[in-house]
Amino acid sequence: MATSLKNWKTVNMGFGICVYCVVVRIDVLEERLNVNVEGGKKMAGLIKGIKSVLIPDVHINDKGYAKVYEPVKKFIADFKPDKIYLMGDFADCCSLSHWNLQKRRKMEGLRHKKEVANVEKEIKYLAKYCDEIVWLEGNHEDWLNQYLDKNPEMEGLIEYSELIDFEKYNIKWVPLNTLHKVGHLFLTHGMYINDHHAKKHLQKLGCNICYCHTHIPQTYGMNMKMQEPFKATCLGCLCDFKAPYLKGKEGNWINGFAVLYVAKNGEFNLYPVDVINKRFYWNDKRYD
Ligand SMILES: [Fe+2]
Ligand SMILES: [Fe+2]
2 MATSLKNWKT VNMGFGICVY CVVVRIDVLE ERLNVNVEGG KKMAGLIKGI
52 KSVLIPDVHI NDKGYAKVYE PVKKFIADFK PDKIYLMGDF ADCCSLSHWN
102 LQKRRKMEGL RHKKEVANVE KEIKYLAKYC DEIVWLEGNH EDWLNQYLDK
152 NPEMEGLIEY SELIDFEKYN IKWVPLNTLH KVGHLFLTHG MYINDHHAKK
202 HLQKLGCNIC YCHTHIPQTY GMNMKMQEPF KATCLGCLCD FKAPYLKGKE
252 GNWINGFAVL YVAKNGEFNL YPVDVINKRF YWNDKRYD
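In the working numbering, the protein residues as written are 2 to 289.
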């Protein structure tokens with residue numbers, strides 16, 4: 002039976018209200034979750050298609066970086082991404098760690114100045130091969146904020162945004178626990194660390210989410226009848242396997258990074274790449 006004009010108006014009005022509700026709901030959520038949309042909120046859905054590389058947890062310190070990061074640097078030189086996302090803990094900030102500040106033997110010889118020089122050298126390298134670097138703050142970079150909370154007189158003297166020329170290298174800084182939206186995917190450093198962290202991220206955030214932080218790759222997907230399919234993907238890390246705090250005990254960190262394509266309409270493909278024995282394969286080539 003054909004819908005009468007009167008009924009059609011009702012249906013149409015209902016749809017309008019429904020769309021309005023969704024828009025309001027998203028706005029409320031974005032406010033609550035501290036969401037950062039690339040290109041501004043008005044640009045959501047109009048993002049130019051990009052190819053990018055996601056670099057998790059390099060933990061550069063005053064000694065430099067772990068060897069496992071080397072093949073990823075070579076890949077970046079070949080791949081020439083539009084953007085590079087530093088997924089957090091790019092800098093280790095070990096000389097200002099709140100865990101060890103009172104432990105003088107552990108802190109002996111560590112120098113923030115050396116770490117900053119090493120980090121800048123690597124930023125300079127990355128900036129040669131991409132148009133923009135998006136640096137998501139990790140909990141390690143946040144150690145600097147925690148240090149400043151106790152030592153406010155040092156404000157302006159230890160932060161990466163003050164010590165490295167972000168404008169020169171076209172770096173965008175994304176504060177800790179912000180959800181950075183790239184097309185239909187959100188990026189963040191990582192919020193939960195239990196055994197089933199991917200499931201937890203998906204259940205708590207309810208969106209396509211890519212993170213690192215745990216240093217243990219994991220994926221969890223949900224395909225609910227009334228929703229789009231969503232996935233949470235945790236990348237590995239690009240640092241050495243054993244954390245000093247494990248004191249020789251076995252850890253289960255795994256090395257990896259990811260390539261991300263985001264189309265103009267927001268659709269995306271995320272390709273996590275395992276780095277095994279400090280090497281990986283991409284497009285018929287071995288990187289080591
Ligand atoms: Fe980390
Ligand atoms: Fe972390």
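Beta carbons: idealized from backbone N, C-alpha and C, even for Gly.
Nothing here was measured: the structure is a model prediction, and the numbers come from that model.
Are there 16 or more other CB atoms within 10 angstroms of the CB of residue i, so buried, or fewer, so exposed?
i           : result
residue 171 : exposed
residue 155 : exposed
residue 132 : exposed
residue 239 : buried
residue 113 : buried
residue 286 : exposed
residue 106 : exposed
residue 126 : exposed
Would you say residue i and residue j are within 7 Å of each other, going by their C-beta atoms?
i           : j           : result
residue 96  : residue 144 : no
residue 183 : residue 263 : yes
residue 271 : residue 233 : no
residue 75  : residue 288 : yes
residue 101 : residue 108 : yes
In the DSSP assignment, the beta strand (DSSP E) including residue i goes from what residue to what residue?
i           : result
residue 231 : 231-235
residue 219 : 219-223
Specify the secondary structure class of residue i as computed by DSSP and reduced to three states.
i           : result
residue 105 : helix
residue 128 : helix
residue 87  : strand
residue 187 : strand
residue 181 : strand
residue 208 : coil
residue 146 : helix
residue 36  : strand
residue 176 : coil
residue 213 : coil
At which residues does the alpha helix (DSSP H) containing residue i begin and terminate?
i           : result
residue 76  : 71-80
residue 164 : 161-164
Let me see if you follow: with CB-CB separation under 7 Å, is residue i close to chain D or not?
i           : result
residue 249 : The structure shown has no chain D; it contains just one protein chain.
Inset, instruction - Can you list the residues near ligand 1, meaning Cβ strictly closer than 5 Å to any non-hydrogen atom, in the order they appear in the chain? - result: 58, 90
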